[in-house]
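Quick notes on the structure that follows.
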Amino acid sequence: MLFVANAVALGVHDFSRIVFVGLRTRRRRRLGTPSEGVRMGLVDPNDASVYPPVPVDDADSDDLDVGMDNESEGVMTDGPFCDNGLQGGPHKRPRLENGELVGPVPSPTDSTLSENDELVENVWAIPAFSRISTDRIYSKPFAGGPPEVLWRTLLFPRGNHNSLGTHLSIYVELYHVPPDRAWRTLNVQFQFQMINQQYPDQPFLSEESTFVFTKPGADRGFDAFFPLSKLRSLDREWIANDQIEIRTVLKLLRTQSAGPGGVELHGGNINCRATCGFVGLKNQGATCYMNSLLQTLFHLGAFRRAVYQMPLDDAAVSVPLALQKVFASLQTSTESVCTKDLTASFGWQSVDSFMQHDVQEFSRVLCDNLETKMKKTPVEGAIAKLLEGKSEAYIQCINVDYKSTRVESFYDLSLNVKGLRGLRESFMQYIETETLEGANQYRAEGYGLQDAKKGVRFLSLPPVLFIHLKRFEYDPIHNTMVKLNDRFEFPIDLDLTEFMHDPAQEEHFVLYSVLVHSGSVFGGHYYAYVCPNAGAPDSKWIKFDDDFVSAVPTEAATVDHYGGDSPIDIRTHGRRGRDVRLKTANAYMLVYIRKRDIPNLMAEMKESDIPTCIRERIERDEQVKREEEAAALEESRKLTITFFSAQQLQECNGIELSSFQAVPVKIFNDVTCETLVEEVEKAVGVPAAEQRWFVYSKRENKTVRANKPFDWQSMRHKSISEMFESLSLIHHQGPCKADIFVHDQRHSVRLSTNDMLDVTLPRDSSAFDTLLFFKYFDVSAQTLSFVGCRTVPPSTTIRSLASLCADLVSLPPDVDLDLYEEEDVKARRINILQEDMTVAACKLIHGDIICFQQRQRVDAMNETQIVDDLLSTVPEYLLALHYSCTVSCVPVTSRFSSEDAPMFPEFRLNMRNDWSIPRAISAIAHYVNVASPDRIRIYPRSYSERRENRTECYTVLDHESILDSLLRHCNDDTNPVFYEVLDFSVHDLCDRDVITVVWRHNSDSVVFPVLVPKKHATGAVLFDALKSRPDVMSATGGSVECIRLLAVGGSRALSEIRPPTLLEPIIEVSHGFANGSNLHVRAEITPMDTDDSAVVWISFVITGGYVPKYYGEPVGVVIPKNATLGQCFDMLCDRIEDTRPTPCKHRQDWAFACLRNGTAQLLKREDVIWGGDEQNPPALPDSDDIHYPVGRFLLIDQGGDGPKRQSRANPLDRPIKIYN
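For the sequence shown, position 176 matches number 176 in UniProt numbering, and the numbering has no gaps at all.
Written out as structure tokens, the structure reads:
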């Protein structure tokens, strides 16, 4: 148990101090600043003992955490710490100056342990606990581990994250490490103890946890450490004189890899070739399964040699070349190897690197791909020679001379784990002989039913034997996949001679690799243990955990990953006890190599053995990479600034000023601004002396305007980089992706005194003039066009601006114009400008857009709106442009329409997305010439498919919804809306439900809907609907008594429907499925139940994925009374083979389960399927009104014969595939 061995050496005789309660660990987030302690009065700013936290580069913090996903970060939290001393009295502590440690470092004797002790213990007394006002406090640093390594404890007095206000949150932080350290990681096991003030020998203990610390600032701990309610209790058991004491206990884990100062460190060195001779592979996100397999394959010399001998091709994307480069880098590099080129050669996108996959599945896919690439090459068949074995499945009759055999090849063996002690028992079960007798006799060709023996035997085993342990299985009771963490032992030396078909064929293997899965069925992490010199007397094991590589003892690779119980001492509520937990990190794949083939399989390969062509190709690729990096470095010295002037704005029409093409100017950042001005003159055609710049930027209302003037002349002799600092340009925020607008000062307006009010601004300078853009709205042409820009004094009147606008479009000077400010169309802020106000009074600033139009007479306005149906004002036109959209109206076949219903067209219609749903439906009804809009229903497009989403329906009754609610999920410009034309009004559906009936006869099927009342409807309604159909009556001879109805939802049988059956509960049950519209009633001519037989309905379920999935259609089979599964097995299988959606392979893998009381119970061969007892029938789940006979509904799990699962635990997850 943790800490017990060294606790005795420390004088700790009460081992209750080191027992644990179950709390979960997690990272904390960044909170607060270092000044909080001073501001809150907790820390004296003059206290020399208060030294600042060591800064952490957040951009390089990927290696601060080792968890199941291996992707989290350790984050440092800046803040004050509580100055209360270490156990053993005060110390002279070092200080940090310019990032270096100055002053004496606390020696191990300053704390409780010496340098060579494993345990580090620190007691932290916290006085005035109730008066702490800051959200966190730190202990003084304490020494532990290698020399100059300092730790400290962080406490959140009021909790952190989800424990805020309920528990103390506590963490241990790696505070300081020497800058010249030769190691990279510290693997530490830690625990916190709240000291009981009344009974010091009975502390409150946290769970023990392990974390790999890699740099200062990395921390780990518990959000919910100690309940705050206990500190507020009256007995004052944990707090005395407003003071609490917390003990932090650390244990540095030791391995075979010795670190400095005599402390042996567990955890890998990123540059670890010098320490253990190997390097790791970088994890791209969730590629740990690939890294584990690649390390296993790489250290097989024969496999690596075969990969090296694959001929190179000139393809831009090549899987063999990428794999060769990875293997060569693993052999020669001193740093962790990146696998991005390999995954890119697979045809994977970046999202594929973040999907979790099964390592066995990836192994098969990779080997299949490589075998295909090796065809017609000198290494064709190399993988088969290494990995392929052969087995023979046989059935041999006992009483007659008949035998059936089938030889199958395998690249890995999948062996059972559940209920077995170890590998030998699993092999025994694999080749176990089954006797087929009684109701389960074998039908031998020419001999009929015969007693027989069925089994599997090995003909040959491969030199490299991959064994997959089946730790994932389907639990029919809970209807989910579960992971088996049972203990399962596997030996290092494996003798499989007794399992061979030929007893004289000796097969002796030695363990070479263990691939471990840590986690659950829903996610986890893979890492591998590899023995590169397997079979040698001095063999050693190496742990490959992505880019962390370390030497480990043999027990760590074997015994520690058998799985099974992990006993833990616990203490809760003052009571001591024993808890048992299952290890979630256990062996998932085992790789054995045949002893007699070790010289060939493990032949040492030197760097010189890498083929010259591969080394040259790698060097050439590296040279290209260096040239690209040099070019990128050269390019990084250039800055690209985009400019535009009034000339580029001539093409702008409509809202804002965005539909133009800015001119990019690329220039080195060390040239002067004067050179840039000359380049701008060439680009936009504005003379340098007349250029006035305005920075194009985003305003607070999210509109983009040229609203920041910039005086480039004052910086003409400074560099471009200095100018960039002054400009503070924010690239590509606007839709036009421009930076600077260049105004031609020759277009500045100098107005007479009569056109301006009294001002105090200088008259001889244009520095205070306001830049305005002008657009003209032509009512008759229904266009809004850019006509120019001008700078005008702020004192200019709006009346004078109107004269300027008239001149821009060649209108008479005395024409009446209305001027509007286009402030924010999206927010409907389009402000009319009053003639008697000035530019300053209207709060017009640089970059504002002025839209103007001829003033409309009232009679002309009415004529325009009524006769021509045109927009008559600038606000109307802008809003129409903003909300205008073209909708693609796509017809969908109505389930309620008759077979001779007319077909409706697909068309595009101009609408506004602020229209109400009834108005949009009316427009569609008018176009398709449907008299009443209440006969139309519309649907949005489905998120995942390019079809209608039937679960979201809109009608004319949805008055509060707008068209935008249907279009907001469209990620393209098609704006599809699906419409359905009904034969009746949608008002009829308010009090009725729709049930789809599927009539099946022979090989034909007809689908038709039936409207049923929502309340008190029975199956008689469905039978009446069947009577009204001529095709049904002709098939049944005018009677419906021979028809049986089965409710089907989610691909599973729900209930038989008879005339008195209530339909409402069935419809309610179907709402629990992913898509309620899957509910349908199957009608077909089926034999009626008798006293001697009944129909049993079988649903298909596949359990190959994380979540069991129903698929296909249920099948009905007539079963004799009191018949067992063994007696009916062949009949059931024959019936299923006639109707199942996928071809069959192995009947022996099929499993039947009976639905009883809403749960599935596996059936054995001797179990009776239907005994004729239908009293007290169980209820369907979630409903007390639907009943079905006991044993009449079965599930069948067809193992690997079912279709590939489409749904995974992660909605973005998909089956693994190599596309190239």
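Don't be surprised by glycine CBs; every beta carbon is placed ideally from N, CA and C. Being a predicted model, the structure only gives us computed values, none of them experimental.
State the DSSP-derived secondary structure class of residue i, mapped to helix, strand or coil.
i: glycine 1126; result: helix
i: valine 464; result: strand
i: serine 1099; result: strand
i: glutamate 310; result: Looking at the sequence provided, one finds methionine at residue 310 rather than glutamate. Here methionine 310 sits in coil by DSSP.
i: threonine 77; result: Caution applies to threonine 77, whose pLDDT of 29 falls short of 50 and renders its modelled position unreliable; the model cannot decide the point.
i: threonine 275; result: helix
i: serine 965; result: helix
i: phenylalanine 303; result: helix
i: tyrosine 411; result: coil
i: cysteine 1042; result: coil
i: glycine 438; result: helix
Could you check which residue in the options has the C-alpha nearest to that of residue i?
i: cysteine 889; options: Leu878, Glu876, Ile921, His882; result: Ile921
i: proline 537; options: Lys543, Ile492, Asp546, Ser520; result: Ile492
i: leucine 1046; options: Arg1082, Asp1031, Gly1037; result: Arg1082
i: proline 141; options: Thr248, Pro203, Phe129, Ile132; result: Thr248
i: serine 742; options: Thr339, Ala587, Ser414, His846; result: A small fix is needed here, since residue 742 is valine in this sequence, not serine. Valine 742 has its Cα closest to that of His846, out of Thr339, Ala587, Ser414, His846.
i: tyrosine 927; options: Leu909, Pro918, Gly1038; result: Leu909
i: isoleucine 614; options: Ser329, Ser780, Arg1044; result: Ser329
i: histidine 882; options: Met911, Ala444, Phe225; result: Met911
i: leucine 676; options: Lys718, Ser233, Lys1164, Arg699; result: Lys718
i: leucine 459; options: Val407, Gly422, Glu425; result: Val407
i: histidine 747; options: Glu722, Cys652, Gln647, Lys702; result: Gln647
i: aspartate 848; options: Arg855, Ala901, Gly788, Val809; result: Gly788
i: lysine 606; options: Gly685, Lys702, Thr332, Asp818; result: Thr332
i: arginine 705; options: Thr838, Trp1097, Pro875, Glu822; result: Glu822
i: leucine 819; options: Ser785, Val792, Lys775; result: Lys775
Can you have a look at residue i and say buried or exposed, based on whether 16 or more other CB atoms are within 10 angstroms of its CB?
i: serine 800; result: buried
i: histidine 959; result: exposed
i: glycine 159; result: buried
i: cysteine 990; result: exposed
i: tyrosine 208; result: First, the amino acid is wrong: residue 208 is glutamate here, not tyrosine. Counting Cβ neighbours within 10 Å, glutamate 208 comes out buried, since at least 16 surround it.
i: arginine 136; result: buried
i: cysteine 1042; result: exposed
i: valine 680; result: buried
i: methionine 903; result: exposed
i: asparagine 1122; result: exposed
i: methionine 1088; result: exposed
i: phenylalanine 1100; result: buried
i: asparagine 701; result: exposed
Give the range of the beta strand (DSSP E) segment to which residue i is assigned.
i: alanine 444; result: 442-444
i: glutamate 823; result: 817-824
i: lysine 390; result: 389-397
i: glutamate 674; result: Per DSSP, glutamate 674 belongs to no beta strand (DSSP E); it is in the alpha helix (DSSP H), 673-684.
i: asparagine 187; result: 186-194
i: tyrosine 776; result: 770-778
i: serine 229; result: Where serine 229 is concerned, there is no enclosing beta strand (DSSP E), although the alpha helix (DSSP H) it sits in stretches over 228-231.
i: isoleucine 1218; result: Run containing isoleucine 1218: none; DSSP gives neither H nor E here.
i: aspartate 545; result: 541-545
What span of residues does the alpha helix (DSSP H) with residue i cover, start to end?
i: alanine 1083; result: Taken as a continuous stretch (DSSP letters only), alanine 1083 belongs to no alpha helix (DSSP H), being part of the beta strand (DSSP E) at 1080-1085.
i: phenylalanine 354; result: No alpha helix (DSSP H) holds phenylalanine 354; DSSP gives it neither H nor E.
i: methionine 428; result: 423-430
i: asparagine 291; result: 288-298
i: valine 928; result: 917-928
Touch test, the stretch 553-566 against the stretch 428-439, Cβ-Cβ under 8 angstroms, three pairs minimum: In short, these stretches do not touch, since the Cβ pair count stays below three.
Given 8 angstroms, three or more beta-carbon pairs between the stretch 446-466 and the stretch 589-604: For the pair of segments examined, the stretch 446-466 was found to touch the stretch 589-604: the number of CB pairs separated by less than 8 angstroms reaches three.
The stretch 396-403 in contact with the stretch 503-521 per 3-pair CB rule at 8 angstroms: No: the two stretches stay apart, fewer than three of their Cβ pairs being nearer than 8 angstroms.
The stretch 162-169 / the stretch 214-224 touching (three or more Cβ pairs under 8 angstroms): Of all C-beta pairs linking the stretch 162-169 to the stretch 214-224, three or more are shorter than 8 angstroms, placing the two stretches in contact.
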